[in-house]
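Asker: Chains as they are written, first to last, in this note's numbering: chain A, 1 to 544; chain B, 1001 to 1331; chain C, 2001 to 2233.
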C-alpha cells in the first residue's frame, strides 16, 4: 500500500473536479451517494436529538421537562424524521447508490440524472420538513391516524404530509433506478446467479419501494386534501371510515419496514462472507428469501390493526400470514450463522457490527412472533413492547447494518482507513448502549405502559431510568464514528484496491474508484464469493 | 411474581392466565433460540477464528438443512398461531349473559354508564366473577380502552360501537389507560377499574342515588323524541315494530340480510336512509346532531330491553355479537 | 469497446456515456417507464380502493351523485382522450418513419386535445361549484334529495361521493397537465429535428405515459358517471 499523498495520485471520482458546482450538479452515482451521506447524517442528528429529549422527559413520571403538546410533537417528529429522512434512504441511497453499479460492473446507474433528481427531491422534502419543525411541528404521531390528523390536530399536518409525500418520490426513483440498472446494466458474464447477495436484497427492496410508496403518497395526499379542502373521506360525522385510513397507511408502512431491513441484511451477507472468508451458506436460499420477504411483506399490513376494530376473521388471516413472513428472515439468520462454520473469522469493526446485527435482529425478530400472536398482541399492542420490538429491528438491525457497511466500504469510498481501535470501541458502545436502552422497554410494555405517554404511573420509573441511561451511551457510540470518519479523510491510512481481501467487483477497482468505475469493462467468469481464489490480507489493516 | 421486580401485571381476569401462559412459552422459546444461536456463534467464532495457515472451507449449502430449518420453525409458528387464535376468540366473544356497560370516550376522559343506571367518569366499578361487556364509542377521535391487569384492549372509534369483555377474578384497583394516541392529554386519559366483592358492589350500586336503569332512561327518551309515534308496539306503524327485534335478522331493501345489533341500531338512528328494512319508506328523520353519544347508548339499551329472550342461533362471534339478557322492564 | 472511435461515430450525441449501445439505453428507458407506470397504478389504486368501499356502503348517494354529473360533457371528454391517444400512437409511427412534419402536427394535435379535455373538465367543475356540490361548509345536495324523493339520499354520505369525485378527477387532471407539459417539450424537440428513426425513445416514452393517463380516465368515466343511468320509476 502506497503512502504517497493523495494529491500526487491518479485521478478518481473525488479529485476529478473540485468546487461546489461539480458536487451539486454531479451525475456520478458515487458523489450522489456522498451527498446523501451528508444529508441523512444531518437528519439522523435531528431525529436523535428529539429522541434524547424524549428520554430525558421520561426520566420522571411527571411531565416536567416539556409540555404535553411539545412531547407529542417530539415523538411524532422523531418517528417521521428517523423513518422517512434517515432509515428509508440510509443504506440504499448511500451504500446502494455507491455500490450497485460497481458490484455489477456498470459505469453508473441506468438514469444518473434521475438519481440526482432523487437527491434534490429528498432535499426539498427535508427543507419543507425543517420548516415544519421550525414553525410548530406536527403532533399526530408518525402514523397520522384520522380523524385526529384530519380534523382535530392544530399542528402543521399539511406541511409534514407534503414533505413526506415528496420524500416518497425520492424513494420511488431510487428504487426504479436500481431495478432497471440490475436488469439491464450488468457486465458481461455477470449472470443473476453470480450477483452478490447485496444486489439481490437491494433488488427486493427496490420492488417494495416502487410498489408500496405510491400508496403512502395517495394516503397522505388524501389527508392533506381533507384538511385543506374539507373533503370528507375519513370524517366519521359524514360517514367516512377512520379504519380506511389505517388500511391504506399500513399497506405501505408495513412493507416500509422491509425497505429498512433488507438493505441491512444485504450488508450483513457481504460482511460475513468477507470476514469468514467464505461463500455465504445457502446462497440460493438467501437470495430467494429476500424476494420472499418482499412479496409476503405486502400481505400482512393489518397485523397493526388487530385491536382496531377489524373483523375476527381478518385478524386470523393476517396473523397467519405474519408468521409466514417470519420464515425467510429466520432462514437468513441460520444461513449467516452456518457460514461461520469452518470459516476463518476476523473481528474487525464491520464484523463486530455484523455479530451485533445477528444478535439484535434475532431478538427483535423473535419478539415479532409475540406481536403476530393474536392473544398476546391484544395485551401489548400500543405499549412499549412494540416500541422495543421495532427499535431492535430498526436500530439494532438496520442502523448497525448501516454502520457496519459504512465501515466495511469506507476504504473503497474514501481511499482511507478509519481507526480500527476507535471503530471497535464505538461498535461495543453502540451494542451495550442499545441493549440497555431498549431491553427494559419489553418489560415496561408487558407491564402495561402505553406508548406515546408524556407522563406515567410511578411504578414504571425504574425501567425508564435504565432506558434513558442506555440512550446516553448509545449517543456516544453514534457520535464517535462521525468524528473519526471525518478525521480519517485527512489522516487515515491510505489503502489499495482491496484492503480486506474481499470478493466482489467493487474491490477490483481502485480505492477510491475512478469516475467511470473501471478502467476497462470487467468480464465476469467467476462465481460470487470466490474466496478460495482470493488470498487473505497478511494482516487486517488496523490503525490505532 | 417477583414483587420488587415484576415482569407482568397482576392477573385479575379469567383471560389473563392464558395470555401469560402463552407469553411465558414464547419467552422460553425465544430465550432458547437466542441462546442456541448465540452459543453457536460463540463457538464458531472461537473455534474458527482466523489462524495462520488454516483456510476456510467453502461449503455451498445444504438443501436438507434449509428445508429442516424452514419447516420446523413454520410448524412451531403455526402452533403459536393456533394458541394465540384460541385466546383471541375467547377475548372477542362476550358471553351472552354479560352485563353491559356503555363507554363513551372523549378527549380526554372516559364516561361510563352501567345498564343499571349509575354513571362514572374515569372509573369503573365491577363485581368479582361477573361477565362484563363494554359497548364503546368515541365522541371525537380514536381512543383505546386498555386494562393491563385484565389483558384486554380495544380501540374505541367515532361513528360506531366496538366491544370488549372480561370477568374479573380478584378484588382490587387496576389501571385503565387510553392506549391510542388521541391528542394533548392522551397520557392523562387514565383511570381505574375497581373490582369489588359482590355484596360491596350491590352496596355501591344502591348508594349512588341513581335515576333508574339505562334502558329506562332510554325509554323516556324514546317518548320524548317522538320515536313511539312511528315505532308502535301495538299496531304496525309507519316504522318497524321494535319489540323483539334485537338480535334477529332483518331483510333490507336492497336484498341483503343483516342482524340487528348495536351498530345497526345506531346507524338507523343517525343515518336512517342507509340500509332501510325492506317494505318501509325512507321517511325517518335524521337524528345525527340531535342526540349525543350517551343518549344514543340509552336508546340502544332501551330497544335491546324490548327483546323478550336472548337471541337464538346468532352463534358466530362478531365485533358486536347479537346477545341480550332478560331485562326487568317497566313496559 | 464502446469507447473506440469507430463505435462513437455510429451513434449520435443521444447515446449517454454510461450505456454500451443504443439498444441498452432504449431497453433501460422502456423498462423504467413501465415500472413508473406501475407506481402510478398503485397511486391511483389507493383512491379506487376507497371508492370501492364507499360505493358499496353508500350506493344510493353514489348513484345520485353520478346522475348529477354532465354525461354529455363526460362522453365528449372520453372521445377527446381516445382521439388524443390515436394522435399519440400515430405520432410514434411518424417518428419511426422519420416524418418530422407529421410528427410535429400530431404532437400539437395531442396537446390541443389535452387542453380541450382540461377545459371541459374545468367547465364541469365550475358546474359543480354552482350547484353547491363541493364538499365542505357550503355543500348542499338538496337538489339531489328533491330530485329523487323515493330514493332517500343522506347528504353527509353524498359529500363522500363528491370528495372522491374531486380527488380522483383532480389528480387525473394534474397528470394531464403534466402530460401536456411533457408533450410541449417533445413537440419542441421534434420541431428541432431531434427524433430520427434511429432514436425516438422520448416520443415512445411520452406516448406510454399519455396512454396510461388515458386508461385511467377510461376507468374513471364509468365509475363516476355511469353508476346508475337507468330511468327512474
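Each residue gets a CB set at the ideal place from its N, CA and C atoms; glycine is no exception.
1. What are the partner residues of residue 241 of chain A, as DSSP defines its beta bridges?
2. So which of A:280, A:406, A:216 has the shortest CA-CA distance to residue 246 of chain A?
3. Run through chain C and tell me which residues come within less than 7 angstroms of residue 1282 of chain B, C-beta to C-beta.
4. Relative to the C-alpha of residue 2168 of chain C, which residue among C:2041, C:2198, C:2100 is closest?
5. Compute the distance between the beta-carbons of residue 1154 of chain B and residue 307 of chain A, then report whether it is under 8 angstroms.
6. Could you give the residue range of the beta strand (DSSP E) that holds residue 1125 of chain B?
7. Quick check on the DSSP output: the beta strand (DSSP E) that includes residue 1100 of chain B runs from which residue to which?
8. Can you round the beta-carbon distance between residue 1287 of chain B and residue 1270 of chain B to whole angstroms, since I take them to be within the 8 angstroms contact cut?
9. Would you mind reading off the limits of the beta strand (DSSP E) that contains residue 1172 of chain B?
10. Quick check: what's the CA-CA separation for residue 194 of chain A versus residue 386 of chain A?
11. Where does residue 379 of chain A land, buried or exposed, given buried means 16+ other C-beta within 10 angstroms?
12. Anything in chain B within Cβ reach of residue 454 of chain A, meaning under 7 angstroms, just list it in chain order.
13. With a cut-off of 8 angstroms, do at least 3 Cβ pairs link the region 289 to 300 of chain A to the region 312 to 330 of chain A?
14. Against chain A, does residue 2176 of chain C count as a neighbour if the rule is that its beta carbon must be under 8 angstroms from one of theirs?
15. Flag this pair as yes or no: are the beta carbons of residue 39 of chain A and residue 129 of chain A separated by less than 8 angstroms?
16. Here's the rule: buried if 16 or more other CB atoms are within 10 angstroms of the residue's CB, otherwise exposed. What is residue 191 of chain A?
17. Near residue 1197 of chain B, what residues of its chain come up, given a Cβ to Cβ distance below 8 angstroms and the 5 sequence neighbours on each side ignored?
18. Hey, residue 1191 of chain B and residue 1123 of chain B are a contact pair by Cβ (cut 8 angstroms); roughly how many whole angstroms apart?
19. Do residue 2179 of chain C and residue 2210 of chain C have their C-beta atoms within less than 8 angstroms of each other?
20. If you follow the alpha helix (DSSP H) that residue 2119 of chain C is in, where does it begin and where does it stop?
21. Taking the runs of the alpha helix (DSSP H) that are 4 residues or longer, which of them lie wholly in the region 407 to 470 of chain A?
22. In the region 1091 to 1109 of chain B, which residues sit with their C-beta less than 8 angstroms from some C-beta in chain A, listed in chain order?
23. Let me confirm a value: residue 2153 of chain C is counted as buried when at least 16 other C-beta atoms fall within 10 Å, else exposed. Which label applies?
24. Could you spell out where the beta strand (DSSP E) holding residue 1138 of chain B opens and where it closes?
25. Less than 8 angstroms between CB atoms is the rule here; does residue 1040 of chain B satisfy it with respect to chain A?
26. Can you confirm whether the region 449 to 457 of chain A touches the region 1165 to 1180 of chain B when touching is taken to mean that 3 or more C-beta pairs between the two stretches lie within less than 8 angstroms?
27. Which of helix, strand or coil does DSSP assign to residue 1272 of chain B?
28. Would you tell me roughly how many angstroms separate the C-alpha atoms of residue 531 of chain A and residue 274 of chain A, rounded to the nearest one?
29. Quick one: residues in its chain with C-beta nearer than 6 angstroms to the C-beta of residue 339 of chain A, no 5 flanking neighbours on either side, listed in chain order?
30. How many angstroms separate the CA atom of residue 16 of chain A from the CA atom of residue 97 of chain A?
31. Does the distance from the C-beta atom of residue 2114 of chain C to that of residue 2084 of chain C stay below 8 angstroms?
32. If we define contact as Cβ-Cβ less than 8 angstroms, is residue 1054 of chain B a contact residue for chain A?
33. Taking contact to mean at least 3 C-beta pairs separated by less than 8 angstroms, is the region 2071 to 2078 of chain C in contact with the region 2104 to 2123 of chain C?
34. Taking the C-alpha atoms as reference points, what is the distance between residue 453 of chain A and residue 503 of chain A?
35. Take residue 2078 of chain C as the anchor and find which of C:2229, C:2228, C:2220, C:2231 has the nearest alpha-carbon.
36. Comparing the C-beta of residue 1162 of chain B with each C-beta of chain C, is any distance below 8 angstroms?
Answerer: Let's see:
1. Your numbering for residue 241 of chain A matches position 241 in the first chain. DSSP output for residue 241 of chain A lists no bridge partner at all.
2. Reading the first chain from its first residue, position 246 is the one you call residue 246 of chain A. The closest CA to that of residue 246 of chain A, considering only A:280, A:406, A:216, is found on A:216.
3. Position 282 of the second chain, counting from 1, holds the residue named residue 1282 of chain B. The answer, in chain order, is 2152.
4. Numbered from 1 along the third chain, position 168 holds the residue referred to as residue 2168 of chain C. Looking from the CA of residue 2168 of chain C, the closest CA among C:2041, C:2198, C:2100 belongs to C:2041.
5. Counting from 1 along the second chain, the entry for residue 1154 of chain B is found at position 154. Counting from 1 along the first chain, the entry for residue 307 of chain A is found at position 307. Contact: yes.
6. Taking the second chain and counting its residues from 1, one reaches residue 1125 of chain B at position 125. Per DSSP, residue 1125 of chain B belongs to the beta strand (DSSP E) from 1123 to 1127.
7. To locate residue 1100 of chain B, count along the second chain from 1; it is residue 100. Start and end: 1099 to 1106.
8. The sequence position of residue 1287 of chain B within the second chain is 287, counting from 1. The sequence position of residue 1270 of chain B within the second chain is 270, counting from 1. About 6 angstroms separates the two Cβ atoms, so the contact holds.
9. Counted from its first residue, the second chain places residue 1172 of chain B at position 172. The continuous beta strand (DSSP E) containing residue 1172 of chain B extends over residues 1172 to 1178.
10. Stepping through the first chain from its first residue, residue 194 of chain A is reached at position 194. Stepping through the first chain from its first residue, residue 386 of chain A is reached at position 386. Residue 194 of chain A and residue 386 of chain A: Cα-Cα distance of roughly 38 angstroms.
11. Taking the first chain and counting its residues from 1, the one referred to as residue 379 of chain A is at position 379. With 16 or more other Cβ atoms within 10 Å, it is buried.
12. Indexing the first chain from 1 puts residue 454 of chain A at position 454. 1187, listed in chain order.
13. Between the region 289 to 300 of chain A and the region 312 to 330 of chain A, the count of C-beta pairs closer than 8 angstroms reaches three or more; the two stretches touch.
14. Locating residue 2176 of chain C in the third chain gives position 176, where the first residue counts as 1. So no, residue 2176 of chain C is outside the interface.
15. For the purposes of this step, residue 39 of chain A is taken as residue 39 along the first chain, with counting starting at 1. For the purposes of this step, residue 129 of chain A is taken as residue 129 along the first chain, with counting starting at 1. In this structure, the beta-carbon distance from residue 39 of chain A to residue 129 of chain A does not fall below 8 angstroms.
16. Stepping through the first chain from its first residue, residue 191 of chain A is reached at position 191. Result: exposed.
17. The count along the second chain starts at 1 and reaches residue 1197 of chain B at position 197. Closer than 8 angstroms at Cβ, skipping near neighbours: 1127, 1128, 1171.
18. As a first step, residue 1191 of chain B must be located in the second chain, where it is residue number 191. As a first step, residue 1123 of chain B must be located in the second chain, where it is residue number 123. Between residue 1191 of chain B and residue 1123 of chain B, the beta carbon gap of about 5 angstroms places them in contact (Cβ cut-off 8 angstroms).
19. By 1-based counting over the third chain, the position of residue 2179 of chain C is 179. By 1-based counting over the third chain, the position of residue 2210 of chain C is 210. Yes, Cβ-Cβ distance for residue 2179 of chain C and residue 2210 of chain C is below 8 angstroms.
20. Along the third chain, read from residue 1 onward, the residue named residue 2119 of chain C stands at position 119. 2100 to 2130 is the extent of the alpha helix (DSSP H) around residue 2119 of chain C.
21. If we require 4 residues or more, the alpha helix (DSSP H) runs fully inside the region 407 to 470 of chain A come out as 420 to 447.
22. Within the region 1091 to 1109 of chain B, the qualifying residues are 1091, 1092, 1107.
23. Within the third chain, residue 2153 of chain C is the residue found at index 153, counting from 1. Residue 2153 of chain C should be labelled buried.
24. Locating residue 1138 of chain B in the second chain gives position 138, where the first residue counts as 1. Bounds of the beta strand (DSSP E) holding residue 1138 of chain B are 1131 to 1138.
25. Here residue 1040 of chain B refers to the residue found at position 40 of the second chain. Residue 1040 of chain B belongs to the set of residues whose beta carbon lies under 8 angstroms from a beta carbon in chain A.
26. Verdict: yes, contact present.
27. As a first step, residue 1272 of chain B must be located in the second chain, where it is residue number 272. Coil, per DSSP.
28. Here residue 531 of chain A refers to the residue found at position 531 when the first chain is read from its first residue. Here residue 274 of chain A refers to the residue found at position 274 when the first chain is read from its first residue. Cα to Cα, residue 531 of chain A sits roughly 8 angstroms from residue 274 of chain A.
29. By 1-based counting over the first chain, the position of residue 339 of chain A is 339. Answer for residue 339 of chain A: 272, 276, 278, 280, 281, listed in chain order.
30. As a position in the first chain, residue 16 of chain A is number 16, starting the count at 1. As a position in the first chain, residue 97 of chain A is number 97, starting the count at 1. Cα-Cα distance, rounded: 19 angstroms.
31. The sequence position of residue 2114 of chain C within the third chain is 114, counting from 1. The sequence position of residue 2084 of chain C within the third chain is 84, counting from 1. Closer than 8 angstroms, so yes.
32. Numbered from 1 along the second chain, position 54 holds the residue referred to as residue 1054 of chain B. Under the Cβ distance rule, residue 1054 of chain B counts among the residues neighbouring chain A, one pair being separated by less than 8 angstroms.
33. Note that the region 2071 to 2078 of chain C touches the region 2104 to 2123 of chain C; at least 3 beta-carbon pairs, one per stretch, sit closer than 8 angstroms.
34. On the first chain, position 453 is the one that residue 453 of chain A refers to. On the first chain, position 503 is the one that residue 503 of chain A refers to. Near 49 angstroms, if we compare the C-alpha coordinates of residue 503 of chain A and residue 453 of chain A.
35. Sequence index remark: in the third chain, residue 2078 of chain C carries index 78 (1-based). Nearest option by C-alpha distance: C:2220.
36. As a working mapping, residue 1162 of chain B is identified with position 162 in the second chain. Chain C contact via Cβ: absent.
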